[in-house]
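Q: The structure's right below; bear with me while I get my questions together.
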Amino acid sequence: MRYYLDPFGCAKNQVDAENMMAHLGNAGWSMAEDAADADIIIVNSCGFIESAKRESINAVLGWRKLYPRVKILLAGCLAQRYEKELTESLPEADGFFGIDDVTKIVEKVGQWGIGECNSDNAISSRIYSGSSNNDSYSRPLLSLPGSAYVKISEGCDNRCTFCAIPLIRGPLHCRTVPDIVEECKGLVARGIKELCIIGQDIGSYRSGESELPELLNAIAELTGNFWVRLLYIHPDHFPLPILDLMQNDPRFLPYFDIPFQHGSSKILSAMNRRGTAETYIALVETIRAKLPTAIIRTTFLAGFPGETEADFASLLDFQEKLRPDWLGCFTYSREEGTPAYTLSGKVPKKIAAQRQHEVEERQIQITEKNMDRFVGQKLHVLLEEQFSGENEEADDDENLWLGRLYCHAPEVDGTAVITGTGSMEPKAGDILPCKVIARRGFDLEVRLL
Ligand code: SF4
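Numbered per my numbering, the sequence shown spans residues 2 to 450.
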């Protein structure tokens, strides 16, 4: 009873995979390091945009070719969105398993009669009733040491016209404050040093009378030396009171991931966003005035239907005024079932890609300049892994580690390269004081103090 997991997609999908792993483990399944040793291969798919869908389908095809007799389960967002169509068009997959209730994973794989599946009640009785479930006590974590994602909500009510997420994950539903705090407490007790709070839009969080500020205040009641990092806040309802908490409690990192998407009022309105470039700049100015060390990460979408050269110029102008520390630029993906699917004014893929490239090129200098401000600063670094490859810059007698500072979210931003650990024996998952010595491209070189 061994499974191999091939994970795709975002942090929300990762948490679903971790919960599946918890349930499988509780029923006697173990994870195979190598797909060759597995009874089933689980492809935990992403179905957000065209390129992500293709990637997950190619994974199924690739595994089928390598292992003709192993059962392959296509799980995750793609299975949720297209189960009916894929049942006919993707015979290489033996089964499909959406995201409605990941607690049913043991039942699902049990249908194939592999091994004997034990009752999973011990875990399911502790799981909240949403479509994303957490076993905060024993859930295996797929993040690098020291960090964990805490999913506080599922689905989204914002209805941005380009986005398929509400079709896949449904309307917003939020976990309760005590449930989330209990999970955070359990993770901290397990030695987790960074709690990354996630949801499709955590700014929309609401449970009873509590919104995001109340939730964070409840997490702040926990004792211990840990970081709280907030990921994905929609700019149209940014909860300003969280800035006060960040001012008063340094464990809440001044890191803001706000997907602005565009700088043209016409395009923003067509995306069903209420803000304008001006209101978004004003928001970032408010954040930076209150928290001068704030890091701004954002995403832009190039090539939305109707985007003219003038609209694109507005996007570039917005980028220049915003000067975000980190930026991911994507091209528009026409997704059936979304309101934007029927919009006229299609932008050719080639032009969208050129615009994406131009945004990315301009961002290189902005990010490098922004990162320069850290050189010479004394900060803290979360150690993640010891560097094992060949590295010409590392002295022979020095240990080289990789980690992250508060300005680096997991996986998406640059990294901290830690040199000069000398006779120290740091461990992955430690948060240690350090000094930034230099910038290397987007990365920062730091020395432990
Ligand atoms: S806020 Fe994010 S997840 Fe929600 S509809 Fe808009 S883009 Fe999609």
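Backbone N, C-alpha and C fix where the C-beta goes; we use that ideal spot for every residue, glycine too.
(1) My understanding is that Ile58 touches Leu91, with C-beta atoms under 8 Å, so please give their C-beta distance in whole angstroms.
(2) Let me know if Gln456 comes out buried or exposed under the rule of 16 or more other beta-carbons within 10 Å of its beta-carbon.
(3) DSSP state of Lys347, grouped into three classes?
(4) Identify, in the order they occur along the chain, each residue of the same chain with its Cβ nearer than 6 Å to the Cβ of Phe98, setting aside the five sequence neighbours on each side.
(5) Output needed for Thr177: all residues of its chain with C-beta closer than 6 Å, excluding positions within five of it in sequence on either side, in chain order.
(6) Could you check what DSSP says for Trp113 in three-state terms: helix, strand or coil?
(7) If you scan the region 403 to 443 from start to end, which runs of the beta strand (DSSP E) of 3 or more residues do you find wholly inside it?
(8) Taking 8 Å as the line, does the beta carbon of Cys161 fall inside it for any heavy atom of the ligand SF4?
(9) Assuming Asn371 and Arg324 are in contact, meaning their beta carbons sit under 8 Å apart, how far apart are those beta carbons, in whole angstroms?
(10) Count the other C-beta atoms from every protein chain shown that fall within 10 angstroms of the C-beta of Tyr342, then say buried if there are 16 or more, exposed otherwise.
(11) Rounded to whole angstroms, what's the CA-CA distance from Val348 to Met272? Just pull it up for me.
(12) What are the partner residues of Asp471, as DSSP defines its beta bridges?
(13) For my contact list, Leu302 and Gln262 are in at a C-beta cut-off of 8 Å; report their separation, rounded to the angstrom.
(14) Please work out which residues of its chain come closer than 6 Å, Cβ to Cβ, to Ile367, disregarding the five sequence neighbours upstream and downstream, and give them in chain order.
(15) Using only the alpha-carbon positions, how far apart do Ile43 and Tyr4 sit?
(16) Span of the beta strand (DSSP E) holding Ile41?
(17) Can you check DSSP and say which residues form a bridge with Cys175?
(18) So what does Pro8 bridge to, in DSSP terms?
(19) Determine the contact status of Val413 and Arg441, defining contact as a CB-CB distance below 9 Å.
A: This is what the structure holds:
(1) So it is a contact: roughly 7 Å between Cβ atoms.
(2) Nothing about residue 456 can be read from this structure; the chain reaches only from 2 to 450.
(3) Judged by DSSP in its simplified three-state form, Lys347 adopts coil rather than helix or strand.
(4) Its chain contains Leu74, Ala76, Ala80, Lys109 as the residues whose beta carbon lies nearer than 6 Å to that of Phe98, once the 5 sequence neighbours on both sides are disregarded; these appear in chain order.
(5) Excluding residues within five positions, the ones whose Cβ falls inside 6 Å are Ser208.
(6) It is coil, neither helix nor strand.
(7) Given a length threshold of 3 residues, each whole run of the beta strand (DSSP E) inside the region 403 to 443 is given here in chain order: 417 to 420, 432 to 441.
(8) In terms of side-chain proximity, the C-beta atom of Cys161 is found nearer than 8 Å to a non-hydrogen atom of the ligand SF4.
(9) Indeed, because the Cβ distance is near 7 Å, the residues count as touching under 8 Å.
(10) Tyr342 is exposed by the Cβ-count criterion.
(11) When the Cα atoms are used, Val348 and Met272 turn out to be separated by approximately 15 Å.
(12) Look at the range of the chain in this structure, 2 to 450, and you will see that residue 471 is not part of it.
(13) Taking C-beta atoms under 8 Å as the contact rule, Leu302 and Gln262 qualify, at a distance of about 5 Å.
(14) Same-chain partners within the cutoff: Arg324.
(15) Distance between the alpha carbons of Ile43 and Tyr4 is about 7 Å.
(16) Where Ile41 is concerned, the enclosing beta strand (DSSP E) stretches over 41 to 46.
(17) Residue pairing from DSSP places Cys175 in a beta bridge opposite Ser154.
(18) In the DSSP output, where bridge partners are listed per residue, Pro8 has Asn45.
(19) No, the pair does not count as a contact, with Cβ atoms beyond the cut-off.
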